[in-house]
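Peer 1: Can you keep this structure in mind? I'll have questions shortly.
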Amino acid sequence: WDLFAGCGNPLQEIELEPHWTVIDLGCGVGIDSQVAALSLQPPGRVIGIDITVPLLRQAKEYAGAHPGCHWMAGDAEQLPLRPADVDLVIANGSFNLIPHKEQALTEIWRILRPGGYLALADLIVVGEMEPITEGFEDAWSWCVAGALSAGEYDVLLKSKGFSWWELKEKGNYGPLAAAHVLARKGKD
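Numbering (this note's numbering), first residue to last: 47 to 234.
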C-alpha cells in the first residue's frame, strides 16, 4: 500500500492509439503509466503527474525500461500543460483525492484535444453513508471522503462540457462500489 492503491484498471474501457499522449493524473509510482506506455510508440508518450515528489522519484526509478514515460510534479487543479495537447487522461484511485473536482475537470477539459477521453477508476457512493467525523484522514486516504455518486458524476461531467460518458460498477462494497468512468470531450 505504500506504493500503489488503485481501484481498478482505467485502461480497461478504452483502446489506446499508438501515437497518443496520455496523462496519468495522480500517477504515484507510475504503474498505470508503464502499462499505458506498452501500447504506445513514438511520438506517443505518457506523462505521469503527481503532487508527491518522492513517489515521482520512485516512478522514474521503476520505469527505466520505458522511454515513453515522463514524470512531472503538478497539481490536478493547475495542470502544467498546453491546451488541447492530450488524447487521454487516466486516474486510478486518485480522482477522489482531489479536493476541488470542478477545477480539476476544468483543467482536464482544457488539456484534452477535441475527441479526447477521460478514464477514471475509483470508488463511488452507491448507498447511505454515515457522516465521517472520526478517522477523517484514513477515510480521505482510502478515497472514501472524496467519493461521488453516479448522479454527482453525471452533473459534474455535463457541467464541464463532456459530450458522452458512462459509469460501470466493478464491485460493490456496501455503501461504496469500485467503478470505471469513461468520458469524452466533443469533437467540435
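Built from N, CA and C at the ideal position, the CB exists for glycine as well.
On a predicted model such as this, the values are computed, not experimentally measured, just so you know.
1. Using the rule of at least 16 other Cβ atoms within 10 Å of the residue's Cβ for burial, across every protein chain shown, is R128 buried or exposed?
2. Can you look up I170 in the DSSP assignment and give me helix, strand or coil?
3. Measure how close the beta-carbons of G114 and L134 come, nearest whole angstrom, since I'm counting them as under 8 Å.
4. Rank E174, R156, L151, I157 by C-alpha distance to the C-alpha of D200 and give the top, closest one.
5. Which of the three DSSP states, helix, strand or coil, is assigned to W211?
6. From V75, H65, S85, pick the residue whose C-alpha is nearest to that of L57; which is it?
7. Measuring only the C-alpha atoms, how far is A196 from C53?
8. Are the CB atoms of I157 and L203 nearer to each other than 8 Å?
9. Under DSSP, the alpha helix (DSSP H) around V99 begins and ends at which residues?
10. According to the neighbour-count rule (16 or more other Cβ atoms, all chains shown, within 10 Å of its Cβ), is R237 buried or exposed?
11. Between the beta-carbon of L169 and the beta-carbon of L222, is there less than 8 Å?
12. Quick one: residues in its chain with C-beta nearer than 6 Å to the C-beta of G173, no 5 flanking neighbours on either side, listed in chain order?
13. Hey, G217 and P160: beta-carbon distance below 8 Å or not?
14. Hey, out of E123, I154, W155, whose CA is closest to I144's CA?
15. Should I136 and V68 be called a contact, given that it needs their Cβ atoms to be closer than 8 Å?
16. Find the nearest neighbour of G90 within the set D96, T98, L62, judged by alpha-carbon distance.
17. Within 10 Å of its beta-carbon, does A165 have 16 or more other beta-carbons around it, so buried, or fewer, so exposed?
Peer 2: Here's the rundown:
1. exposed
2. strand
3. G114 to L134, Cβ: 14 Å. No contact.
4. L151
5. strand
6. S85
7. 16 Å
8. no
9. 99-108
10. The question about residue 237 has no answer here: the residues shown for the chain are numbered 47 through 234.
11. yes
12. P221
13. no
14. E123
15. yes
16. L62
17. buried
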